[in-house]
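See below for the structure under consideration.
There are 2 protein chains.
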Amino acid sequence: MVTKGEETRRIILDCAMAMTSTLGLEGLTIGSVAREVEMSKSGLFAHFESKQDLQLQVLAAAVDRFTGMVIAPALRQPRGEPRIRALVENWLAWEEWMPGGCVFIAAANELDDRPGELRDRLVSAQRDWLDSLAHAARIAVREGHFAADLDCEQFAYQLYSIILAYHHFHRLLRDPGARERARTAFTSLVEQSRSADTARTLSFREASP
Amino acid sequence: MVTKGEETRRIILDCAMAMTSTLGLEGLTIGSVAREVEMSKSGLFAHFESKQDLQLQVLAAAVDRFTGMVIAPALRQPRGEPRIRALVENWLAWEEWMPGGCVFIAAANELDDRPGELRDRLVSAQRDWLDSLAHAARIAVREGHFAADLDCEQFAYQLYSIILAYHHFHRLLRDPGARERARTAFTSLVEQSRSADTARTLSFREASP
DNA sequence: TGAGAAAACGAACGATCGTGCTATTATTTC
DNA sequence: GAAATAATAGCACGATCGTTCGTTTTCTCA
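As you go down the protein sequences, you meet chains A and B in turn.
Per my numbering: the first sequence = residues 7 to 215.
Per my numbering: the second sequence = residues 7 to 215.
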């Protein structure tokens, strides 16, 4: 049975999560969240043992949502390239789903130079996600969709880079063509992954002085 | 002649800029900057008419530095691909130059949902920079280094995406291979730009339900 | 329905925020 | 070197921060 306390805690976290997407984890304020859910500061605070605890719970809630919205439905798609396409589609939808875009990207830039439990949790969640992406690429290789010599970690890197750029162009620059550019970049990445090793073996020439 | 006030203002901005790279523009605090440069809060504040003014000046100072460190030296390189390589090299160096990485990326994620003059200035600086990148690509096309049908704006998008991913992997995940991954991605982008239109014309198939 | 537990509130705390003032130093200029 | 000016410091303000605590309301279940 679901108690009253758990219910309001869920409401608080939902609200705080949306606020985090626009204000960031550091931008979160007990007072502002309380105002938003129409509770007293102390009434809200009673559900958490500290502000950091609230932030950690917001992060955990976001991970749950992400898993449910992006990963889980993609696993119902056929292995290999179709599943990867589904991951990307869901990922882009996740970006759009919240008022301020992806919570993790927002948090990443605040926490990248702030050691602590908050940062550690975020890093580990990000590593998990990147592993999932690389794993999905490995499956695509096994299925014969991608080239056998594909560097799957590099694939994950470049896939992530596309989403990061989408976030940047869409949210900061408000570029209406951002989504199309992301898809173009993705298509090009997939194309290149089908016949790997082309550019990858070229050495990077330094710009001469 | 350079007056005392201008000199300390320069010191303040230098310091505030470094702090911004790790704490962000919103994380900046009159008190913390004052403590860092060992001045009184009010003594420091006298140089600016408001906190927002300080932030704006930090942003302007960062743009100046970026121009001096990244763009200017690249213009001394031969037109076309060599210049683009120089831009990327300098850009990566700029990332490393400050304690917390690129100021603009840090600011971008804080400001993307906060309308105001601060945001407007950042956006316009970013647009300028993207135009420069696309322009550099256009020159490379004219020089025959890149394919005639290259989408230069798309090139700028994907080049930016590589740096964004570098920032993410290097600063948040502390991935020691981040720089190498960025270079690999860049090499692959250049390779693909030499013979464009391959993947770009493929349609992006939706993941079927 | 009434006793006991859970949940929400109100008020207050010390600290720090951005921002004014007024005084006190440094620096420039004649 | 004195007068004028610029630069810095000290202090105080209202507001808000995270947090504590005692009280009151609301819920739960015998």
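Note that CB positions come from ideal geometry on N, CA and C, so glycine has one too.
Since the model is a prediction, treat every value here as computed from it, not as a measurement.
Problem set entry | Range covered by the alpha helix (DSSP H) that runs through A/A113 | As a position in the first sequence, residue 113 of chain A is number 107, starting the count at 1. Element bounds for A/A113: 109-117.
Exercise. Given A/L19, which residues of its chain have a CB within under 8 angstroms of its CB, disregarding the five upstream and five downstream residues?
Worked result: Counting from one through the first sequence, the residue named residue 19 of chain A turns up at place 13. Taken in chain order, the residues that qualify are Q63, V64, A67.
Exercise. Would you call the CB atoms of A/A140 and A/S201 closer than 7 angstroms?
Worked result: The sequence position of residue 140 of chain A within the first sequence is 134, counting from 1. The sequence position of residue 201 of chain A within the first sequence is 195, counting from 1. No.
For this session: Consider the Cβ of B/A205: report whether some Cβ of chain A lies at a distance smaller than 7 angstroms.
Result: If you number the second sequence from 1, residue 205 of chain B lands on position 199. Confidence in B/A205 is poor, its pLDDT being 41 and thus under 50, which makes the residue's placement too unreliable to answer from.
For this session: Rounded to whole angstroms, what's the CA-CA distance from A/A130 to B/D181? Just pull it up for me.
Result: Numbered from 1 along the first sequence, position 124 holds the residue referred to as residue 130 of chain A. Numbered from 1 along the second sequence, position 175 holds the residue referred to as residue 181 of chain B. Position check: residue 130 of chain A holds Ser in this sequence, whereas Ala was assumed. Using only the alpha carbons, I get a separation of about 13 angstroms.
Exercise. Straight-line CA distance for B/E197 to A/S199?
Worked result: As a first step, residue 197 of chain B must be located in the second sequence, where it is residue number 191. As a first step, residue 199 of chain A must be located in the first sequence, where it is residue number 193. Computed Cα separation, rounded: 14 angstroms.
Problem set entry | Residue environment, A/L81, which counts as buried when at least 16 other CB atoms sit within 10 Å | What you label residue 81 of chain A is simply residue 75 of the first sequence in a count that begins at 1. By the 10 Å Cβ count, A/L81 comes out exposed.
Exercise. Hey, quick one: how far does the alpha helix (DSSP H) through A/L195 stretch, first residue to last?
Worked result: In the first sequence, residue 195 of chain A corresponds to position 189, counting from 1. 184-200 is the span of the alpha helix (DSSP H), which, as asked, contains A/L195.
Problem set entry | Neighbour list for B/G30 in chain A, Cβ cutoff strictly below 9 angstroms | The count along the second sequence starts at 1 and reaches residue 30 of chain B at position 24. Simply G30, E32, N115, E116.
Exercise. For chain A, is any of its Cβ atoms less than 7 angstroms away from the one on B/E22?
Worked result: Your numbering for residue 22 of chain B matches position 16 in the second sequence. Reading off the sequence, residue 22 of chain B comes out as Ala, not Glu. Not closer than 7 angstroms to any Cβ of chain A, the Cβ of B/A22 fails to qualify, so no.
For this session: Give the C-beta separation of B/Q61 and B/L29 to the nearest angstrom, bearing in mind that I take them to be a contact with Cβ-Cβ under 8 angstroms.
Result: As a position in the second sequence, residue 61 of chain B is number 55, starting the count at 1. As a position in the second sequence, residue 29 of chain B is number 23, starting the count at 1. The distance from the Cβ of B/Q61 to that of B/L29 is about 12 angstroms, inconsistent with a contact at the 8 angstroms cut-off.
Problem set entry | Within 7 angstroms, strictly: CB atoms of B/L195 and B/Q160 | Here residue 195 of chain B refers to the residue found at position 189 when the second sequence is read from its first residue. Here residue 160 of chain B refers to the residue found at position 154 when the second sequence is read from its first residue. For the pair B/L195 and B/Q160, the CB atoms are not nearer than the 7 angstroms cut-off.
Problem set entry | Test: A/D155 CB closer than 7 angstroms to a CB of chain B | Residue numbering aside, residue 155 of chain A sits at position 149 when the first sequence is read from its first letter. No - not a single Cβ of chain B is within 7 angstroms of the one on A/D155.
Exercise. Whose CA, out of B/S138, B/P105, B/L178, B/R144, lies closest to the CA of B/M23?
Worked result: Against the second sequence, residue 23 of chain B aligns to sequence position 17. Selected option, being the one with the closest Cα: B/P105.
Exercise. The alpha helix (DSSP H) with A/F72 in it runs from where to where?
Worked result: Position 66 of the first sequence, counted from the start, is the residue given in the question as residue 72 of chain A. Residues 57-72.
Exercise. Chain B beta carbons: is any one of them nearer than 7 angstroms to that of A/Q164?
Worked result: The residue you call residue 164 of chain A lines up with position 158 of the first sequence. By this cut-off, A/Q164 is an interface position.
Exercise. Within 10 angstroms of its Cβ, does A/T207 collect 16 or more other Cβ (buried), or is it exposed?
Worked result: As a position in the first sequence, residue 207 of chain A is number 201, starting the count at 1. With a pLDDT of only 40 at A/T207, under the threshold of 50, the placement of this residue in the model should not be trusted; the figure read from the coordinates follows. With fewer than 16 Cβ atoms within 10 Å of its Cβ, A/T207 is classed as exposed.
Problem set entry | Where A/E12 falls, given that 16 or more other Cβ within 10 Å makes a residue buried | For the purposes of this step, residue 12 of chain A is taken as residue 6 along the first sequence, with counting starting at 1. A/E12 is exposed by the Cβ-count criterion.
Exercise. On the three-state DSSP scale, how would you describe B/P79?
Worked result: Numbered from its first residue, the second sequence carries residue 79 of chain B at position 73. B/P79 falls in the helix class under three-state DSSP.
Exercise. If you count every other CB in all the chains shown that lies within 10 Å of the CB of B/K10, and 16 or more means buried, which is it?
Worked result: Working through the second sequence from its first residue, we reach residue 10 of chain B at position 4. Result: exposed.
For this session: With DSSP collapsed to three states, give me the class of A/G11.
Result: For the purposes of this step, residue 11 of chain A is taken as residue 5 along the first sequence, with counting starting at 1. Residue state, collapsed to three classes: helix.
Exercise. Can you list, in chain order, the residues of its chain whose CB lies under 6 angstroms from that of A/A143, leaving out five sequence neighbours each side?
Worked result: Taking the first residue of the first sequence as 1, we reach residue 143 of chain A at position 137. These residues qualify, in order along the chain: C158, F161.
Exercise. Taking a cut of 7 angstroms between CB atoms, which residues from the region 164-188 of chain B lie near chain A?
Worked result: The region 164-188 of chain B vs chain A, Cβ under 7 angstroms: Q164, Y166, S167, I168, L170, A171, H174, F175, R177, L178, L179, R187.
Problem set entry | Nearest-angstrom beta carbon gap, A/Y166 and A/E101 [assumed within contact, 8 angstroms] | What you label residue 101 of chain A is simply residue 95 of the first sequence in a count that begins at 1. What you label residue 166 of chain A is simply residue 160 of the first sequence in a count that begins at 1. That pair is no contact at about 13 angstroms.
Exercise. Since A/I111 meets chain B, which of its residues come closer than 9 angstroms, beta carbon to beta carbon?
Worked result: Position 105 of the first sequence, counted from the start, is the residue given in the question as residue 111 of chain A. Within chain B, the residues near A/I111 are N115, H174.
Exercise. In terms of residues, what are the limits of the alpha helix (DSSP H) holding A/E159?
Worked result: As a first step, residue 159 of chain A is located in the first sequence; it is residue number 153 there, counting from the start. It spans 158-173 - the alpha helix (DSSP H) in which A/E159 sits, taken as one unbroken run.
Exercise. By Cβ distance, which residues of its chain are closer than 8 angstroms to A/A114, with the 5 residues on each side in sequence left out?
Worked result: Taking the first sequence and counting its residues from 1, one reaches residue 114 of chain A at position 108. These residues qualify, in order along the chain: L128, Q132.
Exercise. Among B/W135, B/T190, B/R16, B/F175, which one has its Cα closest to the Cα of B/T73?
Worked result: If you number the second sequence from 1, residue 73 of chain B lands on position 67. For the options B/W135, B/T190, B/R16, B/F175, the alpha carbon positioned closest to that of B/T73 is the one of B/W135.
For this session: Please name the residues in the region 119-132 of chain B whose beta-carbon is closer than 9 angstroms to at least one beta-carbon of chain A, in chain order.
Result: Answer set for the region 119-132 of chain B: D119, R120, R125, L128, V129, Q132.
Exercise. Which bits of chain A does B/G2 rub up against, with CB to CB less than 8 angstroms?
Worked result: In this structure chain B extends from 7 to 215, so residue 2 of chain B is not present and cannot be described.
Exercise. Given a threshold of 16 other Cβ atoms within 10 Å of its Cβ, counted over all protein chains shown, does B/D118 qualify as buried or as exposed?
Worked result: Here residue 118 of chain B refers to the residue found at position 112 when the second sequence is read from its first residue. It counts as buried.
For this session: With a threshold of 16 other CB atoms inside 10 Å of the CB of B/R89, please say whether the residue is buried or exposed.
Result: Residue numbering aside, residue 89 of chain B sits at position 83 when the second sequence is read from its first letter. So B/R89 counts as buried.
Problem set entry | Buried or exposed by the 16-neighbour rule on C-beta atoms within 10 Å, applied to B/R211 | Here residue 211 of chain B corresponds to residue number 205 of the second sequence, with the count starting at 1. At B/R211 the pLDDT is 35, less than 50, meaning the model places this residue with poor confidence; the figure from the coordinates comes in the next sentence. The residue in question, B/R211, is exposed, as its Cβ has fewer than 16 Cβ neighbours within 10 Å.
Problem set entry | Under 7 angstroms between C-beta atoms of B/G86 and B/E149 | Sequence index remark: in the second sequence, residue 86 of chain B carries index 80 (1-based). Sequence index remark: in the second sequence, residue 149 of chain B carries index 143 (1-based). In this structure, B/E149 lies closer than 7 angstroms to B/G86 by Cβ.
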